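Protein chains in written order, with my numbering: chain A, 1 to 346; chain B, 347 to 692; chain C, 693 to 1038; chain D, 1039 to 1384.
Note that the Cβ used here is the ideal one computed from N, Cα and C, for glycine as well.
Please read all numbers here as calculations on a predicted model, not as lab measurements.
Below is one structure; the comments refer to it alone.
There are 4 protein chains.
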Amino acid sequence: MSSKIKVGILGCTGAVGQKLISLLGNHPLFRVTEVAASDNSAGIKYAGRVNWKESSRIPDSVKELTIKKCSDVLDAELLFSGLDSSAAGGIEDYYAGKGYVVVSNSKNHRMGSDIPLIIPEVNSEHFGLIEKQKEKYNSGGYIVTNPNCSTVVLAVTLFPVYKNFGLKKVLVTTMQAVSGAGYPGISSMDILGNVIPHINDEEEKMQIEPLKIFGKFEDGKIKFADFKISAMCNRVPVRDGHTMSISFETEKRASKDEIISALGSYDNLNLPSSPELVLKYTDDPFRPQPLLDIDTGNGMTVTAGNLRKCGVLEWKINAFGHNTIRGAAGAAILNAEYLIKNNLVK
Amino acid sequence: MSSKIKVGILGCTGAVGQKLISLLGNHPLFRVTEVAASDNSAGIKYAGRVNWKESSRIPDSVKELTIKKCSDVLDAELLFSGLDSSAAGGIEDYYAGKGYVVVSNSKNHRMGSDIPLIIPEVNSEHFGLIEKQKEKYNSGGYIVTNPNCSTVVLAVTLFPVYKNFGLKKVLVTTMQAVSGAGYPGISSMDILGNVIPHINDEEEKMQIEPLKIFGKFEDGKIKFADFKISAMCNRVPVRDGHTMSISFETEKRASKDEIISALGSYDNLNLPSSPELVLKYTDDPFRPQPLLDIDTGNGMTVTAGNLRKCGVLEWKINAFGHNTIRGAAGAAILNAEYLIKNNLVK
Amino acid sequence: MSSKIKVGILGCTGAVGQKLISLLGNHPLFRVTEVAASDNSAGIKYAGRVNWKESSRIPDSVKELTIKKCSDVLDAELLFSGLDSSAAGGIEDYYAGKGYVVVSNSKNHRMGSDIPLIIPEVNSEHFGLIEKQKEKYNSGGYIVTNPNCSTVVLAVTLFPVYKNFGLKKVLVTTMQAVSGAGYPGISSMDILGNVIPHINDEEEKMQIEPLKIFGKFEDGKIKFADFKISAMCNRVPVRDGHTMSISFETEKRASKDEIISALGSYDNLNLPSSPELVLKYTDDPFRPQPLLDIDTGNGMTVTAGNLRKCGVLEWKINAFGHNTIRGAAGAAILNAEYLIKNNLVK
Amino acid sequence: MSSKIKVGILGCTGAVGQKLISLLGNHPLFRVTEVAASDNSAGIKYAGRVNWKESSRIPDSVKELTIKKCSDVLDAELLFSGLDSSAAGGIEDYYAGKGYVVVSNSKNHRMGSDIPLIIPEVNSEHFGLIEKQKEKYNSGGYIVTNPNCSTVVLAVTLFPVYKNFGLKKVLVTTMQAVSGAGYPGISSMDILGNVIPHINDEEEKMQIEPLKIFGKFEDGKIKFADFKISAMCNRVPVRDGHTMSISFETEKRASKDEIISALGSYDNLNLPSSPELVLKYTDDPFRPQPLLDIDTGNGMTVTAGNLRKCGVLEWKINAFGHNTIRGAAGAAILNAEYLIKNNLVK
């Protein structure tokens, strides 16, 4: 155990913080040695402060940790940030400046020109941006980010298509789970038996993040991908997992078989959190479904289904992924695992 | 009361049949004098046979009616058909041949070249097809139909756009209520906390029916509208009301204000079931919602919201309507009211 | 309209306040002339401040009202209080002292020895306590209260039994709707597909309030009823309406027919909000249900079903009522109507 | 693998059959060698016939099995029966007569005077009834059963109380999951956002089965326990897991600490499906909940919470258990494991 890397959790009491702690409970590479939150939680034992909402128990090693402030020196080599976006920007900057590696799920820095926005199976070469940050921070510290939860599902589904055939246009309508809004998040009065056709800033994130993720890393910069994305985002009474109806048009003509073959072409990175399949495709028109596909790959597999011709763009496909695992906490952990395995944390 | 028109209900025990009977409970033009169903229900009092699922009570005048067979002579001038599509085709033909006016919600005859597929506020001129049927049946009887429930919401939303600016492309993703599948319909095991990304034949219906409805009635025929529609249909855990995310591109350029102005241009037909507003538009991005908009216009108003630019097609808009009222039983009743008020039932 | 009584709403932006305003929209006796809330809402137009959650629109006459502070002089003869219990106690006292009739839904004063806790069809004689308050406040003002939402359903169901046969023991398990917790109230993360077996203070309220309500008004005091009640309270994923499984034992032996006959013995008070039936009984074992019985009597009828022998206490019965109408806002309005009709507001 | 015991599944396509097959997928003692169902499924490969509803995949070893008739000779030493009660009685008798050990989840034989109705941690001595059946069947075959799903939760919770302090009276109200009704079971139209206050025959089962289970096995017979049980059963919109509000009165007075101590006194049978804790108790008044407690002990642990004084009977407690695992398929498998480990299958 002593050989595991010490990690801290910024925003440890929130929904993402809890999911990070839950997933890191028995992690082969990391052990949680620090938890930090806002000042009014600082100084209290974790188990006595957190309103724990995970179905697994609080890991014993975390229960007794005393919550630190998000300005304290932390005994950790790497910090996961599940901070709320209202606070994340400055705090993450602060710790990077102090020499920490900050692996963030927050949106604040995602679009920064020197910030890697990473899905490791898609654009690990973007980690090259770390070098640029080292100049800026001059501390050995840096920030890496993962995409918005719905972006991850879309990007994992479409990247093999983009890589093999190019993309011209993408139209996506989402049906997103309530856990995406954190806790307490969506009031039961608003969502029981209902659909809410709007999520603040969500369409904007889905429309720009994939262009950065699919971009080329050249001359120390990301050259964004050049295709059109339009998103319509809805909230539905589902606990976990974002479902999507996607239409797209490719640059090069491709047959159904060629696209399905591309969807199956992901390499397995063999990181501790890597699922057997990054993307699972099924021809069953009734799949994917939150109920049946939420646990695939321990929540790290994106599932797509029913590729079919579209009368407006060229193709239609259904997609689904676990928003708080593959789309948030698991995404951050996968990024951190990649950093360790590739010696990007000194 | 004696001056009201006698109507019969084909498929009286099913979900659409029950909704028809419920909505006709105090109707100013119609009184239900006959109820008919499959042979194994025939001969039994309605109240003793039906598994009544409406929240209103069975109208007293219907309770005691004895269920007839769908081949019996019926003491009614007009027949509403809520028959299941497995049986509707032949039975509706049979009664039209016997001289009855059949107002059907079933899909079987909708696409027939001499069958009006009607939303009265949109294409009442298509009732002209009745003349062609009179030749065929030579009985005075004929069949008129209303569209599929999700088609109605889409068509009511887009018709003012089509009429004023033309349409080139439409992409729609639906989030449809369980009541659209009838009773018992969707198992709770399949839909509680879930999304099902497929509804049999639904995409096909949504892709063709609007082209007929928006078509021109010329020389005794419908000349279909010529634009592209692609639909992706999902079932969500909502009781009543279909929500849609729609993208579209117009023929002629139009500003946001011009489109919104067009959306408000429906005339009120002033039929008994006509809502104050055929289409209600709101700029609130969180609307429409099943919870808040289901009862608008007693379920006969379609609500649209948040028209905004689309990066792929030109525009995006949310839409919502009551699937078993405006999209089924209420649609049929509105058609029948139009027929009466325009002396199309002799 | 000028002859209607002017009423004010304390706590106008909360869930109960909104329901009060919604139900008073077209009231034959009352018109809302004042709305008041906490200081940080004061000075703002109602429509610009409230996060309106009712499906009906804000009444036009209320939209433009400027929100007052809960210490302002209010141009109203009677005040409805939907205040949160954290604030209600002092504010209601204050206004009673200033000569206002305060009709409160809040729990703070319910158990006060000079405060009527009223279900008008059950214990209107308790309004006699008003005299005692007049001495205390010496202002002409006084406070009347209605019971907790779940108490109302239980008490309306059992009062005819108590009156006719006496009660020895009552055991009740509730399955309560989320709207009982107000807005935002219960997080969707906590209740989607779940049951929560605890509601703060709810069991205590249900165990004491009926004893006061069923008590005798003698010598200017309430002599509490003397039987045992035990409650177990659960929250379920239902929007509106509390369902209950009740067991009870009577003082005098009674047959099933005698009890059912008693359940039907309520007189109709013929107040504007009085339902046709105060209590509706059905032998159908599958009733009552939230879905089918929520609108009975416009939410003012309590429905009971399936009276049957109990192997432990003597009888078991199911009961259901609308928690925010009969159990809260409608209860308060009914109390106010009673006061007016019986000249208890000068 | 060859040393595992061959087992067959009667009723292999139903909900219980599927859960049995899913749980037996990697079982250390058993391998599924036969699957049987009604005649119209016979002769078809399992994977091609079953409408698989488990989230885990069909075990590879079962996929290719050809479904047999429930009258065929089966190559298995032990048969699990998940048959519907309309068919189970005769079929189970038939196979017992042919020398098979039949481990049944069906209700048909449960109350038979020579049939063990078993929760192994509670009344394994009742397996002694097997001897009586051997006389009857004279084939080496016999039938053992597990209780109704809601009975299991009640009985596991109360047995330590009964054993240590005796029981006089038990009143229980259930809030039961939809999976208890099988597939398709409850229509979504009936249960979305609703409570149904009746489940056919459920109250009767809960009122008699615990008396047999807690009974004494003496002189080759079960002497039923002698206390009163009354149940009120409700269906709620929860997928899996039955929640209960239980009141009870003991024979001997006991303190809260004594009862809690008793609840923790179960021995672990150390069978393959045995959970770490048979019964887990928590003082948290908000527990147990389906959402948080469904997976405890892989669905084999019953969770109880918030023991508190009752004003009518003596005590109140909340309880919860997984209805299709501890309450059905897992219960049957645990029974079978007990039989094997105790050499009751020759």
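*Between the region 398-411 of chain B and chain C, which residues of the former have CB atoms less than 7 Å from a CB of the latter, in chain order?*
401
*residue 354 of chain B: which of B:634, B:411 and B:404 sits nearest, CA to CA?*
B:411
*asked:* Once DSSP output is grouped into helix, strand and coil, what is the label at residue 297 of chain A?
replied: helix
*With distances taken Cα to Cα, identify the nearest neighbour of residue 1023 of chain C among C:965, C:863 and C:1033.*
C:965
*Excluding five sequence neighbours on each side, which residues of the same chain lie with their C-beta closer than 7 Å to the C-beta of residue 564 of chain B?*
none
*asked:* Using a Cβ-Cβ distance cut-off of 8 Å, determine whether residue 453 of chain B contacts chain C.
replied: no
*Please check if any C-beta of chain A sits within less than 8 Å of the C-beta of residue 347 of chain B.*
Confidence is the limiting factor: at residue 347 of chain B the pLDDT is only 45, short of 50, which leaves the residue's position unreliable and the question unanswerable from this model.
*Would you list, in chain order, the members of the region 521-555 of chain B that have their beta-carbon closer than 8 Å to a beta-carbon of chain D?*
524, 525, 529, 530, 531, 532, 533, 534, 535, 536, 537, 538 and 539
*Which value, in whole angstroms, describes the spacing of the CA atoms of residue 136 of chain A and residue 1362 of chain D?*
58 Å
*Say whether chain B places a C-beta atom closer than 8 Å to the C-beta of residue 976 of chain C.*
no
*Taking Cβ-Cβ distances below 9 Å as the criterion, which residues of the region 1162-1180 of chain D are in contact with chain C?*
none
*Which residues in chain C sit within 9 Å of residue 290 of chain A, going by Cβ to Cβ distance?*
Correct list: empty, because the minimum Cβ distance to chain C is about 11 Å.
*Would residue 621 of chain B be called buried (16 or more neighbouring beta carbons within 10 Å of its own) or exposed?*
Residue 621 of chain B sits buried, since 16 or more C-beta atoms from the chains shown fall within 10 Å of its C-beta.
*In the DSSP assignment, find the unbroken beta strand (DSSP E) run with residue 1016 of chain C in it and report its ends.*
Per DSSP, residue 1016 of chain C belongs to no beta strand (DSSP E) and is neither H nor E.
*Buried or exposed: residue 602 of chain B, going by 16 or more other Cβ atoms within 10 Å of its Cβ?*
exposed
*residue 272 of chain A CB to nearest chain C CB: under 8 Å?*
The Cβ of residue 272 of chain A sits no closer than 8 Å to any Cβ of chain C.
*So, are the CB atoms of residue 698 of chain C and residue 752 of chain C less than 8 Å apart?*
Between residue 698 of chain C and residue 752 of chain C, the C-beta spacing is not below 8 Å.
*asked:* Taking the beta strand (DSSP E) that residue 498 of chain B belongs to, which residues open and close that run?
replied: Unbroken run through residue 498 of chain B is the alpha helix (DSSP H), 495-511; no beta strand (DSSP E).
*Kindly confirm or deny that the region 521-533 of chain B and the region 578-596 of chain B touch, where touching means at least three C-beta pairs closer than 8 Å.*
yes
*Where residue 932 of chain C meets chain B, residues with beta-carbon distance less than 9 Å*: Simply none; closest approach about 11 Å.
*Starting from the beta carbon of residue 987 of chain C, find every residue of chain B whose beta carbon is closer than 7 Å, and list them in chain order.*
401
*Min CB distance residue 1275 of chain D to chain B below 8 Å*: yes
*Could you tell me which chain D residues have their CB closer than 9 Å to the CB of residue 905 of chain C, listed as they occur along the chain?*
Chain D residues near residue 905 of chain C: none, gap ~17 Å exceeds 9 Å.
*In chain C, which residues lie less than 8 Å from residue 1267 of chain D when you measure between Cβ atoms?*
1003 and 1004
_Quick check: what's the CA-CA separation for residue 711 of chain C versus residue 630 of chain B?_
Roughly 22 Å between the two C-alpha positions.
_Please determine whether the Cβ atom of residue 708 of chain C lies at a distance below 7 Å from any heavy atom of the ligand HEM._
As presented, the structure is devoid of all ligands, the ligand HEM included, so that no description of it is given.
*Hey, residue 971 of chain C and residue 862 of chain C: beta-carbon distance below 8 Å or not?*
No; because the gap between Cβ atoms is not below 8 Å, this pair is not in contact.
*Cutoff 8 Å: residue 503 of chain B Cβ touching any chain A Cβ*: no
*asked:* Please classify residue 253 of chain A as buried or exposed, where buried requires at least 16 other C-beta atoms within 10 Å of its C-beta.
replied: exposed
_Length-filtered (3 minimum) beta strand (DSSP E) runs lying within the region 791-822 of chain C_ = 793-796
*Going along the chain, which unbroken runs of the alpha helix (DSSP H) with 4 or more residues stay wholly within the region 915-955 of chain C?*
948-955
*asked:* Less than 8 Å between CB atoms is the rule here; does residue 301 of chain A satisfy it with respect to chain B?
replied: no
_Outcome for residue 57 of chain A when other beta-carbon atoms lying within 10 angstroms are tallied against a minimum of 16_ = By the neighbour-count rule (16 or more Cβ atoms within 10 Å), residue 57 of chain A is not buried but exposed.
_Residues that residue 1354 of chain D contacts on chain C, provided the C-beta gap is smaller than 8 Å_ = 922 and 924
*Measure the C-alpha to C-alpha separation of residue 144 of chain A and residue 102 of chain A and round it to an integer number of angstroms.*
Distance between the alpha carbons of residue 144 of chain A and residue 102 of chain A: 6 Å.
*Consult DSSP for residue 702 of chain C and reduce its assignment to one of helix, strand or coil.*
strand
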